[in-house]
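Chains as they are written, first to last, in this note's numbering: chain A, 2 to 310; chain B, 1319 to 1695. Don't be surprised by glycine CBs; every beta carbon is placed ideally from N, CA and C. What you are looking at is a predicted structure, and each value in this text was computed from that prediction instead of being measured. Before any comments, here is the structure.
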Amino acid sequence: MVGQVATAAPPAAPPVVQRPRRVRRNYTPYLLLLPGLAWLIVFFVVPMLSLGSQSLQTGSVESGYSQTWHFQTYVDALSQFWPHFLRSIAFAGTATVFTLLLAYPLAYFMAQKAGKWKNILLVLVIAPFFTSFLIRTLAWQTILTDNGPVVALARSTHVTNVLQWLQLTSNDSLMNSRFAVICGLTYNFLPFMILPLYANLERLDHSLIEAAGDLYATPIQTFWKVTWPLSLPGVVGGTLLTFIPAAGDFINSRLLGNTSTVMIGQVIDSEFLQVQDYAVAAALSFVLMAVIVVIVALYVRRAGTEELV
Amino acid sequence: MTEKTSGDLKLKGVTKRYDTFTAVDDLDLVIPRGSFFALLGPSGCGKTTTLRMVAGLDQPTIGQIWIGEQDITDTRAYQRNVNTVFQSYALFPHLSILENVTFGLRRRKVADYEKQAMEALELVQLGHIAKKKPGQLSGGMQQRVALARAIVNRPDVLLLDEPLGALDLKLRRQMQIELKQIQSEVGLTFVHVTHDQEEAMTMADTIAVMNAGRLEQVADPATLYECPTSTFVANFLGQSNLLKATVRARTGTVAELDVHGVKLRLPMDRLKATTTELWLGVRPEKLRLVGPSKDGDGNRLTGVVVDASFTGLATNYLVKLPWGQELMVVQQNDGTRSAARGTQVTLGWAPEHGFALNASQDAHAGAQDQADDSEAI
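Written out as structure tokens, the structure is:
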């Protein structure tokens, strides 16, 4: 390309005084964008369109589907499965709050106090990823099993009664209950909360904490006036990374729950693979996506306008 | 915070030890109320550690810290009526300038916090940017905000940790003057930590020179410069020529010294060292090129000019003495004398411009630290 431009320049032009300014477009960024863009088109845009079209078709697997723009499917799906939507959001929201409560002190300790133990702790946080999601969830069946030590301890300390009163369990066991599902969700998504919080808190300038103390703020005031507002980007990142996949999760509710803890992900899964009602399954997928987008947008907007920027 | 603790800041036998390293070693210091006090020393001399202990950010291993009649050693930073201007300013990035300045007042539930904060911002001439965030300000402005945020609380002691270190030379000079003015305006005790000897001398009433965790000398700037009591101070504050001398006679008001066979004199009141062997010090600007005349009782040394560099204001000479030692001479450009390289010259100085130091000390102590620091600037 360089050669072409050079030969195209008029040879008669005085070479020193006036050099025509060549506007060279730099196409490299666009070229670098191509693989990702292609990936998104093939594996996101096309499936989305296909899913959208599927949700508006009528027919059956045996007789074949035809595009009928049947919006009634959405109404039917929602009227039948709205409790599962609410339950999913409630479970995912509760699990997100618990992960935040567990992750924040841990991330703070790792980032600000751990010193040479920092890297070991990071590895320990990531270590569960070396085993499969399914195995980790199944492990909770063993942990919460009726004849295990956890249940024995919970019974002897009357925690089971409290959980029952909170309607998180329906009897004096822990397995196959709302409690078990929320435990599984909390456990499985904990690293997604810890890592963004850690990345944020590690950058926290310790002299700001000292400055707050110097300006008469007690440690608790320092936390709420300085540390917490400065860590909000990490909190927002962590809660999103936890809430979004937790809301669509179908493993925890299946392996740790019962028939009254079915989450929307589980419904979509069975509509696709067992009931094989593709239209309803596709419609539910779309509604789930829309619900999450709305919740996230409201949340980010609220968190964003207050302290961030 | 209910009782007013105003008074002198006293450090009594304060020591700070880390695993194997003693940062501050048995420090005794009284900083009078309302004074502008500088802690001066090279990097790692323990001055910042001292400051952090006064602020309550570090705990002394041994020793006590008092403000007036109150022992504050065991109180936490937020309980002390002491404020710090941090080296990095440490402004809260998520709060506006006004919110930064009101932070301390609001924690103490001061009623008219906004009015007081605006007054403090006016004092540092930044009233117009109260609504901005720290990230939108230049380094010099952030420095003033940090100062306003601290002085608005009217602390018993205001600590400044190398507050001008991040500013460029011109701004630093300007801020030195402003800080000094603000201090005399508000009348608070300022404790200023710096490694810049010129900054300390320009601003402080009293300077404590620290080295390796210990105090070298505490005095006003002029005394420190004219009568250093250790080779470290002599070399760290400005430059010094140190000559190995032996006391021949201590008669009346003047002592007679022998420097490599040359007879030199020093007033007795400047001869604090009691040993016979000592370092005779004289500042380069006190030495002058003189004619070989025998005028009066001035000290005389002869040597050969090995280097001469003209700086405009003065000419800096390096004069080699017969025994090989080289003396620095700063000859003011007052048109009187000059000498070319290689010429034989006579150096003269008034005996009262000399000072004597104990000969057991390293003649180069402090010289290297100063060279390092001036390069870093």
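Pairwise C-alpha distance: residue j and residue i
| i | j | result |
| --- | --- | --- |
| threonine 1593 of chain B | alanine 1567 of chain B | 12 Å |
| glutamine 73 of chain A | valine 268 of chain A | 18 Å |
| aspartate 1389 of chain B | lysine 1330 of chain B | 10 Å |
| tyrosine 217 of chain A | leucine 154 of chain A | 44 Å |
| alanine 1466 of chain B | leucine 34 of chain A | 49 Å |
| alanine 1683 of chain B | leucine 1605 of chain B | 22 Å |
| threonine 69 of chain A | threonine 59 of chain A | 6 Å |
| glycine 1653 of chain B | asparagine 1634 of chain B | 14 Å |
| glycine 349 of chain A | proline 30 of chain A | Within the shown structure, residues of chain A are numbered from 2 to 310, placing residue 349 of chain A beyond reach of any answer. |
| cysteine 184 of chain A | leucine 202 of chain A | 26 Å |
| glutamate 1693 of chain B | aspartate 1514 of chain B | With a pLDDT of 39 at glutamate 1693 of chain B, under the threshold of 50, the modelled position of that residue is not reliable, and the figure given next carries that caveat. Roughly 11 Å separates the two Cα atoms. |
| glycine 238 of chain A | tyrosine 300 of chain A | 11 Å |
| histidine 1578 of chain B | valine 1551 of chain B | 25 Å |
| aspartate 1376 of chain B | threonine 1367 of chain B | 7 Å |
| glycine 94 of chain A | phenylalanine 86 of chain A | 12 Å |
| valine 1470 of chain B | leucine 145 of chain A | 58 Å |
| glutamate 1480 of chain B | phenylalanine 99 of chain A | 44 Å |
| tyrosine 75 of chain A | histidine 207 of chain A | 53 Å |
| arginine 179 of chain A | valine 160 of chain A | 15 Å |
| aspartate 278 of chain A | glutamate 63 of chain A | 11 Å |
| methionine 290 of chain A | threonine 170 of chain A | 29 Å |
| alanine 1668 of chain B | valine 1527 of chain B | 27 Å |
| isoleucine 221 of chain A | isoleucine 195 of chain A | 21 Å |
| valine 1647 of chain B | isoleucine 1525 of chain B | 26 Å |
| lysine 1488 of chain B | methionine 1459 of chain B | 14 Å |
| valine 1307 of chain B | leucine 1555 of chain B | In the structure as shown, chain B starts at 1319 and stops at 1695, and residue 1307 of chain B therefore has no counterpart that could be examined. |
Residue(s) in a DSSP beta bridge with residue i
| i | result |
| --- | --- |
| proline 1585 of chain B | B/Val1572 |
| isoleucine 1383 of chain B | B/Leu1329 |
| glycine 1453 of chain B | For glycine 1453 of chain B, which the question treats as bridged, DSSP gives no partner whatsoever. |
| aspartate 1376 of chain B | BP columns for aspartate 1376 of chain B are empty, so no partner. |
| tyrosine 1635 of chain B | B/Ala1626 and B/Val1647 |
| glutamate 1595 of chain B | B/Thr1564 |
| alanine 1526 of chain B | B/Leu1357 and B/Val1536 |
| glutamine 1388 of chain B | B/Ile1385 |
| isoleucine 1349 of chain B | B/Leu1327 |
| lysine 1334 of chain B | B/Val1342 |
| asparagine 1559 of chain B | B/Val1600 |
Environment of residue i [buried if 16+ CB atoms lie within 10 Å]
| i | result |
| --- | --- |
| leucine 141 of chain A | Going by the sequence as given, residue 141 of chain A is tryptophan instead of leucine. By the neighbour-count rule (16 or more Cβ atoms within 10 Å), tryptophan 141 of chain A is buried. |
| lysine 1365 of chain B | buried |
| lysine 1427 of chain B | exposed |
| histidine 1412 of chain B | buried |
| glutamate 272 of chain A | buried |
| valine 47 of chain A | exposed |
| serine 1456 of chain B | exposed |
| valine 1517 of chain B | In the sequence under discussion, the amino acid at residue 1517 of chain B is glutamate, which differs from the valine named in the question. With 16 or more other Cβ atoms within 10 Å, it is buried. |
| alanine 56 of chain A | The sequence shown places serine at residue 56 of chain A, not alanine. Counting Cβ neighbours within 10 Å, serine 56 of chain A comes out buried, since at least 16 surround it. |
| tryptophan 166 of chain A | exposed |
| leucine 125 of chain A | exposed |
| isoleucine 42 of chain A | exposed |
| proline 197 of chain A | buried |
| valine 294 of chain A | exposed |
| proline 1378 of chain B | buried |
| glutamine 81 of chain A | exposed |
| serine 232 of chain A | buried |
| glutamine 1461 of chain B | buried |
| asparagine 1399 of chain B | buried |
| methionine 1586 of chain B | exposed |
| asparagine 120 of chain A | exposed |
Within chain D, partners of residue i - CB distance below 9 Å
| i | result |
| --- | --- |
| glutamate 211 of chain A | In summary, chain D is missing from the structure at hand, where the protein chains are A and B. |
Exercise for the section: Taking only runs that begin and end inside the segment 21-95 of chain A, name each unbroken beta strand (DSSP E) of 3 or more residues, in chain order. Expected result: The segment 21-95 of chain A contains these whole beta strand (DSSP E) runs: 58-61 and 65-68.
Exercise for the section: Any chance you could list the beta strand (DSSP E) runs of at least 3 consecutive residues sitting entirely within the segment 1656-1687 of chain B, in chain order? Expected result: As summarised for the segment 1656-1687 of chain B, the continuous beta strand (DSSP E) elements at least 3 residues long and confined to that stretch are 1662-1667 and 1673-1676, given in chain order.
Exercise for the section: Decide yes or no for the touch test of the segment 1404-1412 of chain B against the segment 1432-1448 of chain B: beta carbon pairs closer than 8 Å, at least 3 of them. Expected result: Touching, no.
Practice task
Could you name each continuous alpha helix (DSSP H) segment of 4 residues or more that falls completely within the segment 218-265 of chain A, going from the start of the chain to the end?
Solution key: 220-223, 229-248 and 252-257
Exercise for the section: Could you name each continuous beta strand (DSSP E) segment of 3 residues or more that falls completely within the segment 1470-1523 of chain B, going from the start of the chain to the end? Expected result: 1475-1479 and 1507-1512
Problem - alpha helix (DSSP H) runs wholly inside the segment 1417-1461 of chain B, at least 4 long, in chain order - result: 1431-1441
Practice task
Would you check if there are 3 or more beta carbon pairs closer than 8 Å linking the segment 207-226 of chain A to the segment 251-267 of chain A?
Solution key: Touching, no, given that fewer than three Cβ pairs across the two stretches are closer than 8 Å.
Exercise for the section: Inspect the CB distances between the segment 1620-1634 of chain B and the segment 1648-1668 of chain B and report whether three or more fall short of 8 Å. Expected result: yes
Problem - Contact the segment 1492-1511 of chain B vs the segment 273-286 of chain A: 3+ CB pairs below 8 Å - result: no
Exercise for the section: State whether the segment 172-191 of chain A contacts the segment 132-141 of chain A, with contact taken as three or more CB pairs (one from each stretch) at a distance under 8 Å. Expected result: yes
Handout entry: Uninterrupted alpha helix (DSSP H) stretches inside the segment 99-164 of chain A (no shorter than 4 residues)
Key = Runs of the alpha helix (DSSP H) inside the segment 99-164 of chain A: 119-127, 134-144 and 150-157.
Exercise for the section: Count the C-beta pairs between the segment 1534-1552 of chain B and the segment 1674-1683 of chain B that are closer than 8 Å, then say yes if the count reaches three, no if not. Expected result: yes
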